[in-house]
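To start, the structure itself, in structure tokens.
2 protein chains.
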Amino acid sequence: MATYINPLIIQRADPFIYKHTDGYYYFTASVPAYNLIEIRRAKTLAGLAHAAPRTIWRKHDTGPMSQLIWAPELHHIDGKWFIYFAAAETTDLDANGMFQHRMFCIECDTADPMVSEDNWVERGQVQTGLDSFCLDATCFEKDGELYYLWAQKDPEIKGNSNLYLAKMQNPWTLKTKPVMLSKPEFSWEGKGFWVNEGPAIIHRNGRYFVTYSASATDENYAMGMLSVPDNVDLLDPSNWSKSKTPVFSSDLTTHQYGPGHNSFTVAEDGQTDIMVYHCRDYTEIKGDPLYDPNRHTKVQPFTWRADGTPDFGKPVPYNYD
Amino acid sequence: MATYINPLIIQRADPFIYKHTDGYYYFTASVPAYNLIEIRRAKTLAGLAHAAPRTIWRKHDTGPMSQLIWAPELHHIDGKWFIYFAAAETTDLDANGMFQHRMFCIECDTADPMVSEDNWVERGQVQTGLDSFCLDATCFEKDGELYYLWAQKDPEIKGNSNLYLAKMQNPWTLKTKPVMLSKPEFSWEGKGFWVNEGPAIIHRNGRYFVTYSASATDENYAMGMLSVPDNVDLLDPSNWSKSKTPVFSSDLTTHQYGPGHNSFTVAEDGQTDIMVYHCRDYTEIKGDPLYDPNRHTKVQPFTWRADGTPDFGKPVPYNYD
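Heads up: the protein sequence lines correspond to chains V and L, in order. Following the working numbering, the numbering of the first sequence begins with 1 at its first residue and continues without gaps. Following the working numbering, the numbering of the second sequence begins with 1001 at its first residue and continues without gaps.
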């Protein structure tokens, strides 16, 4: 099985890797200053540690896209590139003590998305029908239809955010009403804060599996999982199952704290499944944790159990010389 | 000869590597937000690409150490750790269009300098007798005496900064009057700005060689070199020679632009000399170049000519997969 040097990429949180048809792995993530979106690419996952980034979008001076640029994801849809990201108008918290992010979409129609910022066009906010804190959108295709999967606050529900799903009429516009797939309800989803965020999806063994992250982004951060058969209506929440326990969490013995905000890719062999996530290696954070830059990107292979579910194991220890 | 994957470390400018007696390579550099000083360490140079940093000092909210933390260097002197760094009170330029940095020193008396910020003590500004823009201090020992080598503005001399040398009575206090070793005078030292900065020293073949960086920090940035026999008074400027041409500069054919701000270390074999420097891989910078994060740390072996002088070759191309 493939092994990788971990951490793979220093000081990149909310990591997202996409293996494109051009043979490159594309990588984007939150940068410590939360001020821009960058992309790097390499032909190997190991190469991403050394790959030179390009800034492809930067925050506005003022307005809804001027602060705290979080968790970009790069998707290639019908021959064009799209990035979803969360942005806020202010770093201030609202009356409920929440950040004030909304989700936005930018598009690039050149084959190489790294050529220039000038090639990226803003498609505006992705409206969900609910004007509240939202973040961490991803998307996927099923039966020729595009789905949008994200985290959002509902003022009627305890906690910071729940997970929602909707179909899209184009990459920045929903065409169905959001349905809630999960809310923080178990104790391990409510340590520090009640949170479900950072969804990622993988299709295998006749099912869709959605991993997500729960609790505060400290050592309590952990991954949960939802699943649904792939031959039913994904927009019917009753078709979904939810794991009662986390599927991936801190390993105190190896100082791997708060793994999560994952994405999925595949190894260079085209077969081995790889989970991409971030993790800290200490718990005592001085100052504002938001500006502690040391969430590092890790990658590790995972396998599938006989019952068809993924076995993520535990966060691998660091192994650099 | 050792080969390394370049760039070695993404988005770290003004890189400094020190190989300590504990077997670790210690690395520090300017971080893109210029807001803190961090250290990482690894047993190999390649490991530094993956090594988890620790913040060991962060900028003050206000005052002379509150802005633009630049170019830290880590030194081990008489059993204690010291870091020299430049800091400013404001990001504003002064009446001459210059940044307003001064040099500061912090000290740590624990064997492991990465344990905690709490172990680091501020020793204040390093006073040179001239109250002007200064930066990029390094130090070295010769015949049991400690020397301080840095860049500073003299209002009487054209340009941003010259190179100065003095003896120290302790790691944060000079004991002799600064003598000027070099000022920007050749055309390649004055492209964009007239600059001599970022000195680094290496002792070999009966001489001390001081490399430094000249011109603006764009593709014109290039390295010059001074040298002096090791059996004369280093504080007599007339003993020093200066190369009339750069010793290291951009390679346009491989898109390596503005190499400089170097330091020296030795390979894992204990013998091969290694030059550490930063470099950009594009020239079209959008927005304020100061906040373009893409100066990356590179490392490459170098050799010595028959006449005893170093041959740095040219910036190696990127070689990641």
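Yeah, the Cβ is synthetic: ideal placement off N, Cα and C, and Gly gets one too.
Selection from the options that minimises the alpha carbon distance to residue i
i, options, result
"serine 392/V", "Gly97/V, Arg102/V, Glu73/V", "For residue 392/V there is no data in the structure shown, the boundaries of chain V being 1 and 321."
"valine 1179/L", "Asn1239/L, Ser1116/L, Phe1312/L", "Asn1239/L"
"glycine 1224/L", "Asn1231/L, Asp1218/L, Ser1241/L, Val1232/L", "Ser1241/L"
"threonine 176/V", "Ser187/V, Ala216/V, Leu235/V, Ala222/V", "Leu235/V"
"histidine 1296/L", "His1261/L, Met1168/L, Val1266/L", "His1261/L"
"methionine 1098/L", "Phe1133/L, Val1316/L, Pro1113/L", "Phe1133/L"
"proline 7/V", "Gly23/V, Tyr18/V, Gly47/V", "Gly47/V"
"proline 289/V", "Asp251/V, Gly308/V, Ser249/V, Glu219/V", "Glu219/V"
"glutamate 1145/L", "Leu1165/L, Ser1249/L, Trp1194/L, Pro1237/L", "Leu1165/L"
"proline 1155/L", "Ala1095/L, Asp1112/L, Gly1124/L", "Ala1095/L"
"aspartate 1092/L", "Pro1064/L, Ala1111/L, Thr1110/L, Gly1308/L", "Pro1064/L"
"tyrosine 147/V", "Thr309/V, Val31/V, Met168/V", "Met168/V"
"valine 1210/L", "Asp1022/L, Leu1181/L, Arg1280/L, Lys1314/L", "Leu1181/L"
"glycine 1313/L", "Ser1243/L, Asp1281/L, Phe1248/L", "Phe1248/L"
"isoleucine 1009/L", "Val1031/L, Tyr1291/L, Trp1120/L", "Val1031/L"
"aspartate 1311/L", "Ala1088/L, Ile1202/L, Gly1287/L, Lys1019/L", "Ile1202/L"
"arginine 1058/L", "Ile1005/L, Asp1022/L, Glu1117/L, Thr1021/L", "Glu1117/L"
"leucine 380/V", "Ile69/V, Thr62/V, Pro237/V, Gly124/V", "As shown, chain V starts at 1 and ends at 321. That puts residue 380/V outside it, with no answer to give."
"aspartate 1233/L", "Val1276/L, Gly1190/L, Val1299/L, Asp1143/L", "Asp1143/L"
"tyrosine 18/V", "Val276/V, Pro237/V, Asp281/V", "Val276/V"
"valine 1115/L", "Asp281/V, Asn119/V, Thr62/V", "Asp281/V"
"lysine 1298/L", "Gln1125/L, Pro1315/L, Trp1188/L, Asp1307/L", "Pro1315/L"
"threonine 21/V", "Ile5/V, Arg204/V, Asp112/V, Gln125/V", "Asp112/V"
Assumed close pair residue i, residue j - CB separation to whole angstroms, cut-off 8 Å
i, j, result
"tyrosine 1208/L", "valine 1228/L", "5 Å"
"glutamine 152/V", "threonine 173/V", "Glutamine 152/V to threonine 173/V, Cβ: 16 Å. No contact."
"phenylalanine 85/V", "phenylalanine 104/V", "6 Å"
"serine 1161/L", "asparagine 1196/L", "6 Å"
"aspartate 1321/L", "threonine 44/V", "4 Å"
"glutamine 1100/L", "threonine 1090/L", "6 Å"
"proline 259/V", "glutamine 11/V", "About 16 Å separates the two Cβ atoms, so there is no contact after all."
"phenylalanine 193/V", "lysine 244/V", "Going by Cβ atoms, the distance from phenylalanine 193/V to lysine 244/V rounds to 20 Å, so no, they are not a contact pair."
Proximity below 7 Å, CB of residue i to CB of residue j
i, j, result
"histidine 278/V", "alanine 13/V", "yes"
"glycine 159/V", "proline 184/V", "yes"
"phenylalanine 16/V", "threonine 3/V", "no"
"glutamate 1107/L", "lysine 1080/L", "yes"
"phenylalanine 1264/L", "alanine 1214/L", "no"
"alanine 1042/L", "tyrosine 1025/L", "yes"
"proline 1317/L", "threonine 1254/L", "yes"
"alanine 222/V", "proline 246/V", "yes"
"proline 1171/L", "isoleucine 1285/L", "no"
"tyrosine 1212/L", "leucine 1149/L", "no"
Within chain L, the residues that residue i reaches when beta carbons sit closer than 9 Å
i, result
"isoleucine 5/V", "Ala1046, Gly1047, Ala1049, His1050"
"alanine 13/V", "None at all; the shortest Cβ gap to chain L is about 13 Å."
"isoleucine 39/V", "Those do not exist, as isoleucine 39/V stays about 12 Å from chain L at its closest Cβ, beyond 9 Å."
Where residue i meets chain V, residues with beta-carbon distance less than 7 Å
i, result
"histidine 1296/L", "Ala52"
"glutamate 1117/L", "Lys286"
"lysine 1043/L", "Asp321"
"isoleucine 1017/L", "What isoleucine 1017/L touches in chain V: nothing, since even the nearest Cβ is about 15 Å away."
"aspartate 1281/L", "Ala52"
"isoleucine 1201/L", "Under the 7 Å cutoff, chain V gives no residues; its nearest Cβ is about 28 Å from isoleucine 1201/L."
Chain-ordered chain L contacts of residue i [CB-CB under 8 Å]
i, result
"tyrosine 318/V", "His1050, Ala1052"
"lysine 314/V", "Those do not exist, as lysine 314/V stays about 18 Å from chain L at its closest Cβ, beyond 8 Å."
"isoleucine 77/V", "Ordered by position in chain L, no residue passes the 8 Å Cβ test against isoleucine 77/V, which lies about 26 Å from the chain."
"isoleucine 83/V", "Result: empty, since nearest Cβ-Cβ is about 18 Å, beyond 8 Å."
Interface partners of residue i on chain V, CB under 9 Å
i, result
"alanine 1267/L", "By Cβ distance, chain V contributes nothing, its closest Cβ being about 13 Å from alanine 1267/L, past 9 Å."
"isoleucine 1069/L", "Correct list: empty, because the minimum Cβ distance to chain V is about 14 Å."
"isoleucine 1056/L", "Under the 9 Å cutoff, chain V gives no residues; its nearest Cβ is about 11 Å from isoleucine 1056/L."
"isoleucine 1106/L", "Here the premise fails: no neighbours, minimum Cβ distance about 16 Å."
Proximal chain L residues relative to residue i, where beta-carbon distance stays under 7 Å
i, result
"proline 32/V", "Ala1033"
"aspartate 251/V", "Neighbours of aspartate 251/V on chain L: none; closest Cβ ~15 Å, over 7 Å."
"isoleucine 157/V", "The premise fails here: isoleucine 157/V is roughly 35 Å from chain L at the closest Cβ pair, so nothing lies under 7 Å."
heavy atom of the ligand MG below 6 Å from residue i C-beta
i, result
"aspartate 321/V", "Looking at this structure, you won't find the ligand MG or any other ligand, since it has none at all."
Interface partners of residue i on chain V, CB under 8 Å
i, result
"isoleucine 1274/L", "Within chain V, no residue comes near isoleucine 1274/L; the closest Cβ sits about 16 Å away, beyond 8 Å."
Minimum Cβ-Cβ distance from residue i to chain A less than 7 Å
i, result
"arginine 1280/L", "Although the question refers to chain A, the structure presented lacks it and instead comprises the protein chains V and L."
- Can you find at least 3 beta carbon pairs, one from the segment 124-141 of chain V and one from the segment 59-78 of chain V, that sit closer than 8 Å? Yes, the segment 124-141 of chain V touches the segment 59-78 of chain V.
- Counting Cβ pairs, one atom from each stretch, are 3 or more of them under 8 Å apart for the segment 1051-1059 of chain L and the segment 1023-1039 of chain L? Yes, they touch.
- the segment 1260-1273 of chain L contacting the segment 1292-1304 of chain L, beta-carbon criterion three pairs below 8 Å: They touch, by the three-pair rule.
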